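*Asks:* Here you go, one structure.
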Amino acid sequence: MRELIEKANVLHEALPYIRRFHGKTFVIKYGGHAMIEPHLRDGFARDVALLKYVGINPVVVHGGGPQIDQMLAAMGVVSERIEGLRVTDDRTMEVVEMVLGGKLNQEIVSLVCQHGGRAVGLSGKDDGFMRGVKGGFIPVIAPIVVDDKGDSLNVNADTVAGAVAAALSAEKLVLMTDIEGVKDRDKKLVSHLTAADVSRMRAEGVIEGGMIPKVQCALDAVASGVGKAHIIDGRVEHAVLLEIFTDRGIGTEIVAA
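If you read the sequence shown in the working numbering, its first letter stands for residue 93, the second for the next number, and so on.
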């Protein structure tokens, strides 16, 4: 009985947030272990479908770095990285398109559809993106775009998610990672940060390494009109719902001021 009562309390806690965000757009960058562990993949697909059912418009931008690395290794292709970002030559780009735009994108779309969502696979090369959003579908976007010459480019998924969130005037940008969120000097999770807080922590060297581009992506998004950006631990089952629909959340939210 206690467990049933607790479930009812969870629903009551979520209800104000469901009301507040009805009709709003959330852009979710999906990556890391959440894309690898079967139970996390399944939970994420369920959560995305649930968001749509309660009146929120989720847009998914996915990564796939580990899967690309695995395929490159299997094919004997050496990939160079500079400051953590992949240098994508023509041969590597063929593999990236095959993995991101093909296998992974289709798997995510299929899983969301299995759980009742109407998902559609897209990339930055498609011109039907807005039709997908307005048509009531859940866009699942591979971070592949084209340049002025028509050549394919592999773009960091965080960057694409931030740009999509800004273009759609999204209520939220959610970046799923393999860490809890932003931590202070004592390595404790910080649940709320303003742009000024982030600037100070970067100047003090508290925010460093791989967290810098993620935080910068969040800052760029909120500066462009996105309501809030969230950095959350995708290794936690139902991480998106726990961050959005609970009073405490589980990660770090970043706002303009």
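All C-beta atoms in this analysis are idealised placements derived from N, C-alpha and C, irrespective of residue type, glycine included.
Just so we're clear, the structure is a prediction, and the values are computed from it rather than from any experiment.
Cβ of residue 227 within 9 Å of Cβ of residue 191?
*Replies:* Result no, Cβ atoms of residue 227 and residue 191 do not sit closer than 9 Å.
*Asks:* Could you name the residues of the same chain whose beta carbon sits closer than 6 Å to that of residue 322, not counting the 5 residues immediately before and after it, in chain order?
*Replies:* Closer than 6 Å at Cβ, skipping near neighbours: 266, 335, 343 and 345.
*Asks:* With DSSP as the reference, label residue 342 as helix, strand or coil.
*Replies:* Coil at residue 342, not helix or strand.
*Asks:* How is the beta strand (DSSP E) around residue 212 delimited, first residue to last?
*Replies:* Here the beta strand (DSSP E) through residue 212 covers 211 to 215.
*Asks:* Mind pulling the alpha helix (DSSP H) runs of 4 or more residues that sit fully within the region 277 to 342?
*Replies:* As far as the region 277 to 342 is concerned, its whole alpha helix (DSSP H) runs of at least 4 residues are 287 to 295, 303 to 315 and 331 to 336.
*Asks:* Can you tell which of 107, 133, 295 and 300 has its C-alpha closest to the C-alpha of residue 206?
*Replies:* The candidate whose alpha carbon is nearest that of residue 206 is 133.
*Asks:* Locate the alpha helix (DSSP H) running through residue 127, then write down its first and last residues.
*Replies:* Premise fails: residue 127 is in no alpha helix (DSSP H) and is neither H nor E.
*Asks:* Would you mind giving the Cβ-Cβ distance between residue 232 and residue 152, rounded to the nearest angstrom? I have them listed as a contact below 8 Å.
*Replies:* 5 Å between Cβ atoms; contact.
*Asks:* Can you tell which of 97, 243, 145 and 204 has the C-alpha that lies nearest to the C-alpha of residue 135?
*Replies:* When each option's Cα is compared against that of residue 135, the closest is 204.
*Asks:* So, at 6 Å on beta carbons, what are the nonlocal neighbours of residue 55 in its own chain, with the 5 sequence-adjacent residues on each side left out?
*Replies:* With the chain covering only 93 through 349, there is no way to say anything about residue 55.
*Asks:* Which residues in the same chain have their Cβ closer than 8 Å to the Cβ of residue 306, if we skip the five residues on either side of it in sequence?
*Replies:* 250, 267, 269 and 323.
*Asks:* So the candidates are 287, 296, 138 and 181; which of them puts its Cα closest to the Cα of residue 244?
*Replies:* Ranking the options by Cα distance to residue 244, first place goes to 181.
*Asks:* Who are the Cβ neighbours of residue 312 in its own chain at under 8 Å, not counting the five residues just before and after it?
*Replies:* Taken in chain order, the residues that qualify are 254 and 258.
*Asks:* Leaving aside the five residues before and after residue 125 along the sequence, list all residues of the same chain whose C-beta is less than 8 Å from its C-beta, in chain order.
*Replies:* Within the same chain, residue 125 has close Cβ partners 132, 270, 326 and 327.
*Asks:* Within the same chain, show all residues whose beta-carbon is closer than 7 Å to that of residue 109, passing over the 5 residues directly before and after it, in chain order.
*Replies:* Same-chain partners within the cutoff: 336 and 337.
*Asks:* Give me the residue from 349, 339, 144 and 348 with the minimum Cα distance to residue 103.
*Replies:* Among 349, 339, 144 and 348, the Cα nearest to that of residue 103 is on 339.
*Asks:* With a threshold of 6 Å on Cβ separation, who are the neighbours of residue 316 within its own chain once the five nearest residues in sequence on each side are excluded?
*Replies:* Once the five neighbours on either side are set aside, the close Cβ partners of residue 316 are 258.
*Asks:* Cutting at 7 Å between CB atoms, please list the residues of its own chain near residue 138, excluding the five before and the five after it.
*Replies:* These residues qualify, in order along the chain: 207.
*Asks:* Is it buried or exposed, residue 98, if we count other Cβ atoms within 10 angstroms and call 16 or more buried?
*Replies:* Its Cβ having fewer than 16 others within 10 Å, residue 98 is exposed.
*Asks:* State the start and end residues of the unbroken beta strand (DSSP E) segment that holds residue 154.
*Replies:* Looking at the DSSP string, the run of the beta strand (DSSP E) that includes residue 154 is 149 to 154.
*Asks:* Since residue 246 contacts residue 201 with CB under 8 Å, what's their CB separation in whole angstroms?
*Replies:* The pair is not a contact, with the Cβ atoms about 20 Å apart (cut-off 8 Å).
*Asks:* DSSP state of residue 238, grouped into three classes?
*Replies:* Three-state DSSP puts residue 238 in a strand.
*Asks:* Under DSSP, the alpha helix (DSSP H) around residue 185 begins and ends at which residues?
*Replies:* Its alpha helix (DSSP H) spans residues 182 to 188.
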